[in-house]
Structure formats: C-alpha cells, structure tokens
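**Q**
In my numbering, the protein residues as written are 112 to 319.
1) Among 260, 256, 182, 196, whose alpha-carbon lies nearest the alpha-carbon of residue 230?
2) If you follow the alpha helix (DSSP H) that residue 278 is in, where does it begin and where does it stop?
3) Work out the CA separation of residue 185 and residue 242 for me, nearest whole Å.
4) Suppose contacts are defined by Cβ-Cβ distances below 8 Å. Is residue 147 in contact with residue 228 by that definition?
5) Excluding the 5 residues preceding and the 5 following residue 226 in the sequence, name in chain order all residues of the same chain whose CB lies nearer than 6 Å to its CB.
6) So the candidates are 173, 162, 259; which of them puts its Cα closest to the Cα of residue 145?
7) What is the DSSP secondary structure of residue 182, counted as helix, strand or coil?
8) Determine the direct distance from the alpha carbon of residue 136 to that of residue 280, and round the result to whole angstroms.
9) Please state the DSSP three-state secondary structure of residue 258.
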C-alpha cells in the first residue's frame, strides 16, 4: 500500500493548498462552517483539521490555541463585512440615502447569511482590551457608515454630529440584524420590509 493511500488527509486539493501556504485559510473556512453548525463552543480543533484535510497537529503551526483560531475566524469575517458594506455603497452617490440604506442592507444580509459567525464577532469584541485588532476592524466597518454620513452632512468624519448620526444608524441596523436572526421581529406582528426599514431610518436620522 502506498503512502498516499495510508495518508488521505494530505492528498489532492488539500495537500496542494497546504503546500501553497493556504492551510490557515483552509482552517478558518472549516471552523467558520463548524461555528454555523455547532456554535463557537461546539467544535473541536481536530474536526476542523479533518475537514481541512490535514493532521490534528497541523493547526498549531498557524494558531496558538483554539481561541486564536476563533479570533482568526472573527477577523476574517470582519474583513468580509467591511468589503460587503463598501461594495454595497459603491454604486450610489456618496452620502445619498440610497448609499446609506445599501450599507445597512449589506450588514443585515451578512448577519442572516452567517448568524453563528455574526454572533461570534460581537461576542469576541466585547472586551476592548482583549482584542485590539478586532476592535480596529470594527472601527473600519463603522467608518464606512461615518464616511457617508459625513458626505451627507458636509462635515468632517470626526465631527460630533456625524458620529452621533452614524451611531444612531448603526444601532438601528445592528438591533434589526439581531432581532432578525433571533426571529424576534416576527413577534411584533408587522410586515417588515428591509428596504423600507433602511430608507425610513436613514431619512429620519440624516434629515434632522
């Protein structure tokens, strides 16, 4: 029996990815799927390694421990969230209600598509002192909103009124996202259309 037949975990695409330095990304993708299925406390590093097609010891070449893998998943998720928000706003005029509404929609869509990872992100960033890198990425996501509010108000991004309005927008959309993935918004008995919601809060907050 050949070595390849005895060690299937390092054959094919997985072996190619490993030798091209993609194991970290492979593991993050595997853990991301496991978090969606089992939650952040319900997966094992060994299972993530199996899904990535490598030995159970291989993850520790890239991550110190299980918590560091979870931080890697959160970090990658925040990069994707930032990109989704910026991409959604891009087709619209800077500072327009359409741009702001599109940013909010991208945020909600992300939460609905990956509720487990969405919860993980905000669970890991509760302690500012414990995850400064994640806090920075969170600030960059918030910065997408701030940039468009500043354009709308014709003020600088650090102006108190710009930051106040951006926070109000973020709070509304963040709350709507969690109510949606927890299915709590069904309890109010109202038919909530996302686009109408985004436009209403954008208009109300930015037209003050």
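Even glycine gets a Cβ: it sits at the ideal position worked out from N, Cα and C. All values derive from a computational prediction rather than experimental measurement.
**A** Judging by the given coordinates:
1) Along the chain shown, read from residue 1 onward, the residue named residue 230 stands at position 119. Answer by Cα proximity: 182.
2) The count along the chain shown starts at 1 and reaches residue 278 at position 167. Counting along the chain, the alpha helix (DSSP H) containing residue 278 begins and ends at 271-292.
3) Position 131 of the chain shown holds residue 242. Position 74 of the chain shown holds residue 185. Each residue's alpha carbon lies about 11 Å from the other.
4) Along the chain shown, read from residue 1 onward, the residue named residue 147 stands at position 36. Along the chain shown, read from residue 1 onward, the residue named residue 228 stands at position 117. Cβ distance < 8 Å, so residue 147 and residue 228 count as in contact.
5) Reading the chain shown from its first residue, position 115 is the one you call residue 226. Around residue 226: 292.
6) As a position in the chain shown, residue 145 is number 34, starting the count at 1. Residue 162 is the option with its Cα nearest to residue 145.
7) Along the chain shown, one-based indexing puts residue 182 at 71. Note: residue 182 maps to helix in three-state DSSP.
8) Counting from one through the chain shown, the residue named residue 280 turns up at place 169. Counting from one through the chain shown, the residue named residue 136 turns up at place 25. Rounded to whole angstroms, the separation of the alpha carbons of residue 136 and residue 280 is 33 Å.
9) Counting from one through the chain shown, the residue named residue 258 turns up at place 147. In the structure shown, residue 258 sits in a helix (DSSP, three-state: H, G or I).
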